[in-house]
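K.L.:
In my numbering, the protein residues as written are 1243 to 1745.
This is the structure, below, for whatever I ask next.
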């Protein structure tokens, strides 16, 4: 085992939330273990934060990337507390109670008791006009159908169609659940995205019965939360402040000045960490050429070479594959496709719209043929994001199979979004301003068998490149709390690996 007095050089590839969390918890865990670390973060962007980017403009708080996180997910709450940012937390507007699905010219409210697209209140579900009478009967057959005998993975869409029928998949599940990944439900892994669905079927013989049982552990608003793990039980009892407990009553939470608050807090906490921003890693080489007896050399496109005893790769799967394929089989990484998306944020004078927004927004099924996939009524959902006499809307475009819209010229993209906004909400007013954010190859698609293949890849990587760990949204969850959890796990895993290395 290495001496605890030796300075270990660690390079983290990627300065997004996964990389920043890895660095933060590396510092914490190394100190606990009495180990000295010299950490360097490398990222091709000129700033930290990755997809997190908050814009303050004319009194508006605009998120160009993710806009919030799930209050039920402890890792981000714990990190917020450790950074001393609890007083910055803010919740959704309690009066924005409804979420809608736009279909055939009508805003249909989500049926009461709908839990991640699964009808747990059958009586209310049967009254909804969103699904045809035949579709409702087919969905309730879930209560009679036997569970699948095979225990292996299957596609999320295949599972839901088998249990609830194709109409429920197309009209409810696809716009609600696919919105997380912008993907095709019939290609996404059930086990890697919504393992609680499989567990509900196996343990209760019915998806509806199983989700009804879980419903008692979730807040009412969680019925429409589009998140893979919003229903996973978590212990919220340990050391929470009153502010965190208050925030926990809301399904979604964020920070008063946007998610950039979290990045700024991590930036301050990582004052001793070296940053190499605006440069990319071009190669990782083990052994020969490493400086000062380090196990690896990390080459940058600036011409600089970094010596590393350990490496954490938090880059997208395709970038990680490029760096690692010289040394190991990266087919598991290549199997993770990415979808490009964009969001178009528009600000309006409230008086110009003449509308009252009673909810958080609406979803658009693929079958409607629109360019927008969803619209968040941001200023209604988050009261801190807009002056009181203004309205802020955020429209999403791009999903698997229709990614070309993301790269339309600005004027064409805005025109297409405004056309859909007019059709869905009747808005013809000219925006005060419009902000476009394109996120190319940003949404990882977990294929069937993803959980098993990535576990096997990590095991093989540990054998072939000891001291190299891969993590991030491509592996075990795309949400901010998931990435933070994976960063914390990566820190512990890397230190364990380094302690096992014998010189």
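For every residue, glycine included, the Cβ atom is placed at its ideal position computed from N, Cα and C.
All values reported here derive from a predicted model rather than from experimental measurement.
1. Within its chain, find whatever has a CB closer than 6 Å to the CB of residue 1311; leave out the 5 residues flanking it on each side and keep chain order.
2. Could you give the first and the last residue of the continuous beta strand (DSSP E) run that contains residue 1337?
3. Which residue from 1251, 1255 and 1249 puts its Cα closest to that of residue 1542?
4. Taking 8 Å as the cut-off, is the C-beta of residue 1371 nearer than that to any heavy atom in the ligand ATP?
5. With distance defined between alpha-carbon atoms, name the residue in 1386, 1302 and 1598 nearest to residue 1340.
6. Do the stretch 1364 to 1375 and the stretch 1405 to 1422 touch if we need at least three Cβ pairs shorter than 8 Å?
7. Checking 9 Å against the spacing of the C-beta atoms, do residue 1548 and residue 1562 come in under that value?
8. According to the neighbour-count rule (16 or more other Cβ atoms, all chains shown, within 10 Å of its Cβ), is residue 1492 buried or exposed?
9. Where does residue 1723 sit, in a helix, a strand or coil, going by DSSP?
10. Identify, in the order they occur along the chain, each residue of the same chain with its Cβ nearer than 8 Å to the Cβ of residue 1350, setting aside the five sequence neighbours on each side.
11. Could I get the ranges of all uninterrupted beta strand (DSSP E) runs contained in the stretch 1680 to 1726, with 3 residues as the minimum, in chain order?
12. At what residues does the alpha helix (DSSP H) containing residue 1330 begin and finish?
13. What runs of the alpha helix (DSSP H), each 4 residues or longer, lie entirely inside the stretch 1354 to 1434?
14. Do residue 1553 and residue 1253 come within 9 Å of each other at the CB atom, strictly closer than that value?
15. DSSP state of residue 1526, grouped into three classes?
16. Looking at C-beta atoms only, is the number of pairs between the stretch 1588 to 1597 and the stretch 1397 to 1406 that lie closer than 8 Å three or more?
17. Which residues mark the beginning and the end of the beta strand (DSSP E) in which residue 1519 is found?
18. Select from 1605, 1287 and 1539 the residue whose C-alpha is nearest the C-alpha of residue 1352.
19. Would you decide whether residue 1778 is buried or exposed? Buried here means 16 or more other CB atoms lie within 10 Å of its CB.
20. Use the C-beta contact count for residue 1637: other C-beta atoms within 10 angstroms, 16 or more gives buried, fewer gives exposed.
21. Looking only at its chain, what residues have a beta carbon closer than 6 Å to the beta carbon of residue 1443, apart from the 5 residues adjacent to it on each side?
22. So, residue 1741 versus residue 1275, is the Cβ gap smaller than 9 Å?
23. Beta-carbon separation of residue 1279 and residue 1297 under 9 Å?
24. Going by alpha carbons, who is nearest to residue 1670 out of 1710, 1383, 1536 and 1657?
25. Per DSSP, residue 1183 is paired with what?
26. Using a Cβ distance threshold of 8 Å, determine whether the stretch 1670 to 1689 contacts the stretch 1609 to 1627, with at least three qualifying pairs required.
27. Could you check the C-alpha separation between residue 1234 and residue 1505 for me, to the nearest Å?
P.N.:
Per the coordinate set shown:
1. In the chain shown, residue 1311 corresponds to position 69, counting from 1. Excluding sequence neighbours, residue 1311 sits near 1318, 1722 and 1723.
2. The residue you call residue 1337 lines up with position 95 of the chain shown. Annotation for residue 1337: no beta strand (DSSP E) segment contains it, and DSSP assigns it neither H nor E.
3. Position 300 of the chain shown, counting from 1, holds the residue named residue 1542. Here the closest residue by C-alpha is 1255.
4. Ligands in the displayed structure: none, and consequently the ligand ATP is not present.
5. Translated into the one-based positions of the chain shown, residue 1340 becomes position 98. With distances taken between Cα atoms, residue 1340 lies closest to 1598.
6. yes
7. By one-based count along the chain shown, residue 1548 stands at place 306. By one-based count along the chain shown, residue 1562 stands at place 320. It is not a contact, given that the beta carbons lie outside the stated cut-off.
8. Your numbering for residue 1492 matches position 250 in the chain shown. Buried is the call here.
9. The count along the chain shown starts at 1 and reaches residue 1723 at position 481. Helix at residue 1723.
10. The residue you call residue 1350 lines up with position 108 of the chain shown. Around residue 1350: 1342, 1343, 1344, 1370, 1371 and 1372.
11. You should have 1710 to 1712.
12. Within the chain shown, the letter at position 88 stands for residue 1330. Unbroken run through residue 1330: none, as it is neither H nor E.
13. 1364 to 1369, 1375 to 1382, 1398 to 1406 and 1416 to 1423
14. The residue given as residue 1253 occupies position 11 in the chain shown. The residue given as residue 1553 occupies position 311 in the chain shown. The answer is yes: Cβ separation under 9 Å.
15. For the purposes of this step, residue 1526 is identified with residue 284 of the chain shown, where counting begins at 1. Residue state, collapsed to three classes: strand.
16. Result no; under three Cβ-Cβ pairs closer than 8 Å.
17. Here residue 1519 refers to the residue found at position 277 of the chain shown. Run containing residue 1519: 1516 to 1519, per the beta strand (DSSP E) assignment.
18. The residue given as residue 1352 occupies position 110 in the chain shown. When each option's Cα is compared against that of residue 1352, the closest is 1605.
19. Residue 1778 falls outside the range modelled here, since the chain spans only 1243 to 1745, and no answer is possible.
20. Residue mapping note: residue 1637 aligns to position 395 of the chain shown, counting from 1. Residue 1637 should be labelled buried.
21. One-based indexing of the chain shown puts residue 1443 at position 201. The answer, listed in chain order, is 1389 and 1449.
22. For this step, residue 1741 is matched to residue 499 along the chain shown. For this step, residue 1275 is matched to residue 33 along the chain shown. For residue 1741 and residue 1275, yes; Cβs fall inside 9 Å.
23. Indexing the chain shown from 1 puts residue 1279 at position 37. Indexing the chain shown from 1 puts residue 1297 at position 55. Result no, Cβ atoms of residue 1279 and residue 1297 do not sit closer than 9 Å.
24. Against the chain shown, residue 1670 aligns to sequence position 428. It is 1657 whose Cα lies nearest to the Cα of residue 1670.
25. With the chain running from 1243 to 1745 in the structure shown, residue 1183 is simply not present.
26. no
27. This structure cannot speak to residue 1234, because the chain is shown only from 1243 to 1745.
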